[in-house]
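To convert a position in the sequence shown, counted from 1, into this note's numbering, add 252. Notes follow once the structure below has been shown.
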Amino acid sequence: VSWLMATISTSDVMVALVQTSTTLPVFVLSIFAGAIADNFSRRIVMALGWCVIALSSIMLTALVGLGIYNPWMILAFSCLAGCGAAFTDPAWHASVGDILRKREVPAAVTLISVGYNAMRSIGPALGGV
Numbered sequence: 253v254s255w256l257m258a259t260i261s262t263s264d265v266m267v268a269l270v271q272t273s274t275t276l277p278v279f280v281l282s283i284f285a286g287a288i289a290d291n292f293s294r295r296i297v298m299a300l301g302w303c304v305i306a307l308s309s310i311m312l313t314a315l316v317g318l319g320i321y322n323p324w325m326i327l328a329f330s331c332l333a334g335c336g337a338a339f340t341d342p343a344w345h346a347s348v349g350d351i352l353r354k355r356e357v358p359a360a361v362t363l364i365s366v367g368y369n370a371m372r373s374i375g376p377a378l379g380g381v
């Protein structure tokens with residue numbers, strides 16, 4: 253999505269705002285999403301979050317395919333995907349304790365963290381190749 257923004261906007265700020273529009277909803281909504289995940293079915297919360305992410309991705313893809321897009325639409329759909337992630341992530345992390353035995357949880361959390369951070373550091377490096 254950042255690449256798409258870079259191809260249609262000459263502003264570095266607009267490219268940076270793509271990341272901001274994706275992560276700001278996670279920062280703002282995660283506390284509320286965690287409470288929702290604790291009080292409702294985590295499976296449903298995750299499914300709804302993934303549906304929001306998928307819907308925003310499909311809609312942006314369709315609009316780009318039709319040639320009907322602008323920088324603000326890209327930011328809006330990135331923000332919508334971030335809202336979906338804000339609800340998916342807390343439910344997913346909390347479900348680890350539901351799936352595993354208590355003694356296995358610390359190792360699982362460590363493995364999840366290693367995988368997530370490896371993805372965040374290696375993925376962009378490979379994308380630049």
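A virtual CB, placed ideally from N, CA and C, is assigned to each residue, including glycine.
Taking C-alpha positions only, L332 is separated from S373 by approximately 24 Å.
In the DSSP assignment, N291 falls within the unbroken alpha helix (DSSP H) covering D264 to N291. Cα atoms of W344 and A360: separation of roughly 12 Å, rounded to the nearest angstrom.
Assignment of R353 by DSSP, reduced to helix, strand and coil, places it in the coil class. For V297, the enclosing alpha helix (DSSP H) stretches over residues R294 to L318. For S330, the CB contacts under 6 Å within the same chain, skipping 5 residues up- and downstream, are V253, V270, S273 and T274 in chain order. In the three-state reduction of the DSSP assignment, N369 falls in the helix class, which pools H, G and I. DSSP places S254 in the uninterrupted alpha helix (DSSP H) bounded by S254 to I260. For G380, the three-state secondary structure derived from DSSP is coil. Between I305 and A337, the C-beta spacing is below 8 Å. If you draw a straight line from the Cα of T362 to the Cα of V280, it is about 25 Å long.
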